[in-house]
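Q:
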Amino acid sequence: MGLNKSGNGVSGGAIYSPPEISSKAVLENGKTLTASGRVLETSRSDNKITAESHSEPKALAIVEREISLPVTSQGELISSEQLSKIVARQYFDQAMTVGSRAELDRTRMECFRKEGIRHFPVVVAGAGPAGLMAGIEVAKQGHKVCIVEARDEGGWDIRSSVLSISSHEIDYFLELLDALELSRGKDYVFSHRKKSEPTHHKSLGKLQEKIRGNRYKTELQVDVIQRILMAAVEDLYSEQITVEKGFSIEEIEPFLQTVQAKGSGKIIAFDNFIHADGTSGFTRLLLAQDFDIPIDETEFEHFKSGWCQCAYVHSEELEKLPASVSIDIWKAKYSSLELKKLQDLGWKSSMLPDTYLLKSHDKSRKVWVAGECPDNLSKSKQLEWNRNICKVALSQARLNQAAKLEDLSIVQRAAGDERSLKKNKLSQNVFELEKAQLDSPECTLVFGKSIAIGDAAKTPVFFDGDGVSKALDDAQRIKIRKAYRDDQEADDDATLVSELSEEFDSDGDSYESDSE
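Heads up: the sequence shown begins at 5 in the working numbering, then just goes up one per residue.
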């Protein structure tokens, strides 16, 4: 099936080889319908494989038979555009060996040096938790990394949700905090406003204290998680990791493997591309379109209902709640009055909705409420729904069972800037949760790999913290192979690029496809 609007996902680590060219039909509106039912735009630049040209055998429509030699008669290096056509031709003729890839890769690097294009072994799309973790883990392997992020500094912090994380992630963040203590000190506060306040609940010292006191499960705000990871990138891995903010990817050139930024026209080259750009999977779609790789996904059932809601609520009564409460749906299976009130709001089950109430610190009067809800829950009734959910939580915690919570309100920011508007939207949200995962999260490119991780790989259970857990697991599983140009064993299999051009004047059947 095609990619759905709820995002895509992945588990496992299947790797698939460069695909055969599939048949397509060109629609009347100029778009192309693939065999798998996807509709692709056909407006791509001339030096890229277009969706329309895929309908012709081996995509010969865009690659001329007369291709310039890598080095001209005057001894000048060919342009990157010419080299892109050579690479494309070999790719779609399945004429590449490891050795020929290595030779093409060396020529490609010369083109980048000549044209002043920056190159990184790994480019990561997205500077959220998944992208930052991926950058750190790849840097640990000794690779240079560039993380590109569409948001600039002004729009950085937009999320206010609180996540419950468990032992594996706790150890990971505690290790980072201990390392950051040397550079930033215990007084440093992971917030966009406060930079030094030892008693603040987001201070480095307080976070260390909190995590060490809850080694099996604890709560962290998503913006705090992002700030810890970004501080680690800046302080601990600054020599290996470059972060480009305000870099909104406009297009990906798939054969020389470059990304271009919208507006600025900046170009960055890569060997391996890691997609950590959320459930939309935009960059994965761009590469899949160029290579005609179907983005198939598997939807699967989960024990939570399809409709969920989240809200940031405030009440003086909520200070009495522990930092984290998960409503015990089994013990409260037939709890009467609270369940009846929820059913009056549209809840159809005889069991209470699976819901989490999370606080950033013990004394907070603000609680992040997230969990199942009726499919017809309206924004106008969401506050009443959460008032009853909070009453159930207080009752379950044996705290103030008679609480009326009349002062309960949705937390909203007063400012009208973009950051505040996004926070307000997130703080009161009802959505349908469709769980899905990519069938093939990892695929080969000409000079490396394409790897989808985190939310771009698998739809998270939004309110249960598994987005961060999945992102960390994915990041720690990433393995980057040696670059083809640095593979000395490839020399035994190498054929000079200049000699390969002679094969393009024949049928192109002299080389076996790369079977690695």
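Just so it is clear, CB atoms sit at the ideal spot from N, CA and C, and this is done for glycine as well.
Distance check for A154 and I253, CA to CA, integer angstroms please.
A: 7 Å
Q: Does DSSP classify Y176 as helix, strand or coil?
A: helix
Q: Count the other CB atoms within 10 Å of the CB of E301; is the residue buried (16 or more) or exposed (fewer)?
A: The residue in question, E301, is buried, as its Cβ has 16 or more Cβ neighbours within 10 Å.
Q: Express the C-alpha separation of K345 and A456 in angstroms, rounding to a whole number.
A: 43 Å
Q: Between N390, V371 and W311, which lies nearest to K352 when the distance is taken from Cα to Cα?
A: W311
Q: Taking K249 as the reference, which of D491, S454, G458 and G135 has the closest Cα?
A: G135
Q: Nearest by alpha-carbon distance to S268: which of Q400, E255 and S340 is it?
A: E255
Q: For N428 versus R417, is the C-beta spacing smaller than 7 Å?
A: yes
Q: By Cβ distance, which residues of its chain are closer than 6 Å to H279, with the 5 residues on each side in sequence left out?
A: A129, T287, R288, A456 and A460
Q: Does DSSP put Y316 in a helix, a strand or coil?
A: It is a strand residue.
Q: Since E323 and K367 should fall inside the 8 Å C-beta cutoff, what is the C-beta to C-beta distance between them, to a whole number of angstroms?
A: With a Cβ gap of about 6 Å, E323 and K367 count as contacting.
Q: For T287, name the three-state secondary structure that DSSP assigns.
A: helix
Q: Only counting runs of 3 or more residues, tell me where the beta strand (DSSP E) segments fall wholly within the stretch 337-392, in order along the chain.
A: 359-362 and 370-376
Q: Count the other CB atoms within 10 Å of the CB of K89; is the residue buried (16 or more) or exposed (fewer)?
A: buried
Q: Threshold first: 4 residues or longer. Then list the alpha helix (DSSP H) segments lying entirely within the stretch 220-281, N to C.
A: 226-240
Q: Which residues in the same chain as V166 place their Cβ atom closer than 6 Å to its Cβ, once the five residues preceding and following it in sequence are excluded?
A: E223, Q225, L362, S364 and W372
Q: Who pairs with T203 in a beta bridge, going by DSSP?
A: BP columns for T203 are empty, so no partner.
Q: If you count every other CB in all the chains shown that lies within 10 Å of the CB of E119, and 16 or more means buried, which is it?
A: exposed
Q: Could you tell me if Y220 is buried or exposed, where buried requires 16 or more neighbouring beta carbons within 10 angstroms of its beta carbon?
A: exposed
Q: May I ask you to list the residues that DSSP assigns as paired with Y192?
A: S200
Q: Applying the criterion that 16 or more other CB atoms from any shown protein chain within 10 Å of the CB defines a buried residue, is E243 buried or exposed?
A: exposed
Q: What number of angstroms, rounded off, separates the C-alpha of V329 from the C-alpha of C394?
A: 10 Å
Q: Compare the beta carbon distance of N276 and G132 with 7 Å and say whether it is the shorter of the two.
A: no
Q: Go through the stretch 118-156 residue by residue and report every complete run of the alpha helix (DSSP H) that reaches 4 residues or more, in order.
A: 133-144
Q: Give me, in chain order, the residues of the same chain whose beta-carbon lies closer than 6 Å to that of I245; leave out the 5 immediate sequence neighbours on both sides.
A: G139, A143, V149 and V237.
Q: Under three-state DSSP, which class holds F304?
A: coil
Q: Buried or exposed for R485, please, with buried defined as at least 16 other CB atoms from any protein chain shown within 10 angstroms of its CB.
A: exposed
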